[in-house]
Structures are given as C-alpha cells and as structure tokens.
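Just so you know, we're using numbering that gives the first Met the number 0 here: the sequence shown kicks off at 0 and counts up by one.
Glycine residues also receive a C-beta, built at the ideal position from the N, C-alpha and C atoms.
Remember, predicted model here, so these are calculated numbers, not experimental data.
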Amino acid sequence: MRVVTTAQPLDVQPTPLALLLLGREADPKSERGVECPGDLPTPSDPDLVERARAAKAELGDKVFVLGHHYQRDEVIEFADVTGDSFKLARDAAARPDAEYIVFCGVHFMAESADILTGDDQQVILPDLAAGCSMADMATAEQVAECWDVLTEAGIAEQVVPVSYMNSSADIKAFTGKHGGTICTSSNAKRALDWAFEQGEAGSTKVLFLPDQHLGRNTAVRDMGLSLDDCVVYNPHKPNGGLTAEELRAAKMILWRGHCSVHGRFSLESVEDVRKRIPDVNVLVHPECKHEVVAAADYVGSTEYIIKALEAAPRGSKWAIGTELNLVRRLANRFAEEDKEIVFLDKTVCFCSTMNRIDLPHLVWTLESLAAGKVVNRIEVDKETESFAKLALERMLALP
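So, in structure tokens, the structure goes:
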C-alpha cells in the first residue's frame with residue numbers, strides 16, 4: 000500500500016454553497032431557513048446508533064418519529080411509522096399524546112403535519128435544509144400573479160385550483176381560499192373529477208399545482224382528455240408564456256413544476272431496460288414524464304408500487320421508476336422471493352434534499368429534545384393553517 004503524507008495540512012475551506020447544501024449555513028434571501036444551530040455529531044462516530052436509541056428511549060412516548068419511504072435506511076430504522084407524506088401527517092394527527100413529532104421527510108411534509116396536529120404538539124424537521132425542489136417551484140407570489148393573469152383573461156371564476164400534496168402550506172392555503180382541493184398521487188383522478196363538477200358543465204378549468212406531470216398524466220391517461228386540452232403555465236415568463244386565447248381554450252392549466260427525481264426517467268430508460276431484462280415489468284410513479292408513463296406497464300403511487308410488488312409472483316422481474324432508497328429497500332425485501340427488482344435508470348439518483356436528513360441530524364435532534372431543547376420546529380401561521388386545512392378537508396371529503 001502506498002501512503003501519501005504531507006508536511007502541512009491541506010488548507011481547504013468549504014464553500015458557502017457547500018455549507019448551504021449541508022444545512023450548516025443560512026441564506027437570508029431564501030424562502031426557507033437553513034441554519035442548523037449546534038454541533039452535529041460526525042458521521043464517523045461509531046456510537047451514533049446507540050446514541051439515537053438512548054435518546055429515543057429517554058423521550059419515550061413524548062416523541063413520535065415519522066419516516067418517509069425515501070429516507071435512508073439508517074434513519075428508517077428509528078421511525079415509529081413509515082409511509083408517504085400524507086399518510087405520515089395523518090399518523091401524526093392520530094397520536095395526540097405525542098409532544099414531539101419528528102418528521103424525517105422534507106419541509107412541506109412537516110408543514111402538513113403541523114396543520115393536522117394539535118396546538119400543543121411540536122413538529123420538528125431534523126434538517127431545515129431538507130426542502131423539496133418541486134414544492135419550491137411554486138411560490139405564493141408567483142401563484143398570486145398567475146391568478147391575476149387568469150383574471151385578466153376573464154376566466155378566473157371558471158378555474159378551480161387543485162394542488163398536489165407536495166406543495167407548501169402557502170400554496171395549500173391559496174387552494175383553500177379559492178375553492179380548490181388538495182390531492183395525492185393516489186386520488187388525483189377523484190380530485191379532478193370533483194373539480195370539473197364545480198362549475199357549469201363544460202366550462203370549468205383546473206389550475207394544477209405544482210407538478211405538471213401528475214396533472215397531465217391524470218387528465219390524459221385516467222380521464223380521457225387530450226394533450227391539446229393541457230397548457231403549461233411558466234411562472235418565469237410574462238403571462239406564463241401563454242396568450243389569453245390559449246388559457247381560455249385549455250381545460251387543464253398545468254404549473255411548470257416537476258420532481259427532480261422522477262423527471263429524470265426517460266423513454267430511453269424504459270426501452271433500455273426492456274432490452275436488458277426480458278419479460279421485465281416496468282412500474283413507474285405518475286410524477287414521471289408522460290411518455291414514460293405511456294410506455295410503462297403499471298403506473299401508481301408509492302403505496303401502489305409497494306403493494307404491487309407484495310402481490311407479484313415469485314421470480315417476476317421489475318424495473319421501478321421512483322426514488323432509489325425505496326427501490327433498493329424493496330429489492331432487498333423481496334430477494335428471498337426471487338423477485339428481481341431494479342432501478343429504472345442506469346444513473347444513481349437519490350432525492351438529494353430528502354437525504355439531507357441523516358443519522359447525525361436525527362441524533363442531534365433527539366438528544367436536543369431529551370435535554371429539553373426544541374430545535375428546528377416547523378410552525379404554520381394560523382391564517383395559512385385555516386385555509387390550508389380547508390383544502391385538505393375538501394380532499395378528505397372526496398367521494
């Protein structure tokens with residue numbers, strides 16, 4: 000073995016961007032806070048697992064840890080429940096005796112949990128830098144400007160907003176205030192059916208926020224609309240890059256947003272995996288591009304993907320188009336049943352913001368709480384909460 004030494008330590012300083020991505024610096028111009036006070040344990044600390052167990056045991060029933068499906072295995076190990084974003088928020092609401100809700104997910108998920116839990120409960124996000132690129136593609140100011148554009152085009156009264164669960168509390172509140180509803184990837188069709196029934200037959204339009212792909216796939220694949228019925232509103236262009244005539248002719252006004260993970264999958268990915276693995280079943284999330292969804296064998300939410308693999312026959316082969324942490328966990332889980340499960344794309348792609356929550360952040364959070372110090376609390380103001388809850392309640396009331 001060749002060992003290289005140096006007489007002087009390397010003078011390498013982390014850049015401001017690197018610190019920001021690590022959650023150890025603040026950007027005062029950003030919409031989200033990213034400062035992480037205190038000293039995090041080092042990832043190489045061999046006692047991290049024991050420290051997490053000890054702090055969680057000390058807290059007992061005072062803490063309830065939620066783990067999103069896309070989290071690292073090292074974090075999932077300490078979750079009391081796992082699931083998708085809305086399921087976890089509802090799980091938190093079902094535990095009113097838990098003083099602390101530690102949400103191992105991303106910012107909008109913790110907001111939803113705060114909206115649905117009691118005032119005496121405190122929701123904590125282990126790393127405030129764990130945001131969601133899709134949710135951040137639609138800000139309150141941009142959506143308000145879009146509504147002005149729709150008003151000027153003379154169609155605002157015909158438009159019902161439908162916002163994906165993967166949106167900020169501000170966007171959920173906008174949706175509630177303007178008579179709309181929230182949807183998940185599981186009930187998007189029911190939400191759109193409801194929305195189109197709100198006005199005069201044939202006159203209602205939907206503003207779908209913030210994921211254009213889920214909106215388009217649901218409208219075209221599940222409801223029989225055409226691609227021509229859909230237009231994409233780009234918040235970075237004047238009037239969204241659309242004419243008043245285009246807006247008036249559209250049935251679905253899709254916000255120009257997408258998931259950075261699911262948007263990576265391509266038609267070439269599907270074609271390539273079919274060549275490499277004979278008789279493979281391609282199963283993708285509806286946040287994927289329309290051409291990917293059209294080429295897949297099965298399409299569904301995270302929970303749908305898990306249940307499909309549970310029900311799959313022994314020896315079957317699957318290429319999954321969703322986040323890599325979940326795919327790897329499922330591949331390991333079903334290996335004993337000889338189910339071959341691979342990631343749809345050859346390129347490794349985790350949800351980078353979700354992965355900012357790691358074991359050091361979780362240990363720091365639990366030990367801080369055990370010491371009586373609440374860190375990284377997520378609070379939604381009361382007015383925003385009331386309108387956001389209204390939109391969520393409309394979703395819960397969907398037939």
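- Message: Considering only their Cβ atoms, is the gap separating Arg215 from Met164 smaller than 9 Å?
- Response: The count along the sequence shown starts at 1 and reaches residue 164 at position 165. The count along the sequence shown starts at 1 and reaches residue 215 at position 216. Not in contact: Met164 and Arg215 (Cβ atoms no closer than 9 Å).
- Under the three-state DSSP convention, the category Met353 falls into: Translated into positions along the sequence shown, residue 353 becomes position 354. In this structure, Met353 counts as helix in the three-state DSSP scheme.
- Query: How many Å lie between Glu384 and Tyr99 at the Cα?
  - Reply: In the sequence shown, counting from the first residue as 1, residue 384 sits at position 385. In the sequence shown, counting from the first residue as 1, residue 99 sits at position 100. So the two alpha carbons sit approximately 19 Å from each other.
- Message: Once DSSP output is grouped into helix, strand and coil, what is the label at Lys316?
- Response: Here residue 316 is taken as the residue at index 317 of the sequence shown, counted from 1. Of the three classes helix, strand and coil, the one that applies to Lys316 here is strand, per DSSP.
- Which residues in the same chain as Ala172 place their Cβ atom closer than 6 Å to its Cβ, once the five residues preceding and following it in sequence are excluded? Locating residue 172 in the sequence shown gives position 173, counting from the first residue. Correct list, in chain order: Thr383, Phe386 and Ala387.
- Query: Near Ile356, which residues of its chain fall below 7 Å by C-beta distance, leaving aside the five closest residues on each side in sequence?
  - Reply: To locate residue 356, count along the sequence shown from 1; it is residue 357. Cβ within range, chain order: Gln70, Val74, Cys103, Pro125, Asp126 and Ala129.
- Are the beta-carbon atoms belonging to Phe264 and Asp344 less than 9 Å from one another? For this step, residue 264 is matched to residue 265 along the sequence shown. For this step, residue 344 is matched to residue 345 along the sequence shown. Their beta carbons are under 9 Å apart, which means Phe264 touches Asp344 by this criterion.
- Along the chain, which unbroken stretches of the alpha helix (DSSP H) at least 4 residues long are found entirely within the region 235–270? 243–248
- Using CA coordinates, which residue listed in Lys288, Val122, Ile123 and Ile276 is at the minimum distance from Leu266? As a position in the sequence shown, residue 266 is number 267, starting the count at 1. The option with the nearest alpha carbon to Leu266 is Lys288.
- Report buried or exposed for Arg313, applying the criterion of at least 16 other Cβ atoms within 10 angstroms of its Cβ. Sequence index remark: in the sequence shown, residue 313 carries index 314 (1-based). Result: exposed.
- Query: Which one or two residues does DSSP pair with Cys103 in a beta bridge?
  - Reply: Taking the first residue of the sequence shown as position 1, residue 103 is located at position 104. The partner list for Cys103 (beta bridge, DSSP) reads Gly66.
- Where the alpha helix (DSSP H) containing Cys182 begins and where it ends: What you label residue 182 is simply residue 183 of the sequence shown in a count that begins at 1. Careful: Cys182 lies outside any alpha helix (DSSP H), inside the beta strand (DSSP E) at Thr180 to Cys182.
- Task: Within 10 angstroms of the Cβ of Pro234, are there 16 or more other Cβ atoms? Answer buried if so, exposed if not.
- Result: Reading the sequence shown from its first residue, position 235 is the one you call residue 234. Under this definition Pro234 is a buried residue.
- Given a cut-off of 9 Å, decide if Val231 and Leu246 are closer than it, judged by their beta-carbon atoms. Your numbering for residue 246 matches position 247 in the sequence shown. Your numbering for residue 231 matches position 232 in the sequence shown. No, they are not a contact pair.
- Alpha carbon of Ala143 to alpha carbon of Val281, nearest angstrom: The residue labelled residue 143 in the question sits at position 144 within the sequence shown. The residue labelled residue 281 in the question sits at position 282 within the sequence shown. When rounded, the distance between both Cα atoms is 39 Å.
- Proximity to Asp147 [Cα-Cα], best of Asn238, Arg393, Glu378 and Ser300: As a first step, residue 147 is located in the sequence shown; it is residue number 148 there, counting from the start. Measuring from the Cα of Asp147, the nearest candidate turns out to be Asn238.
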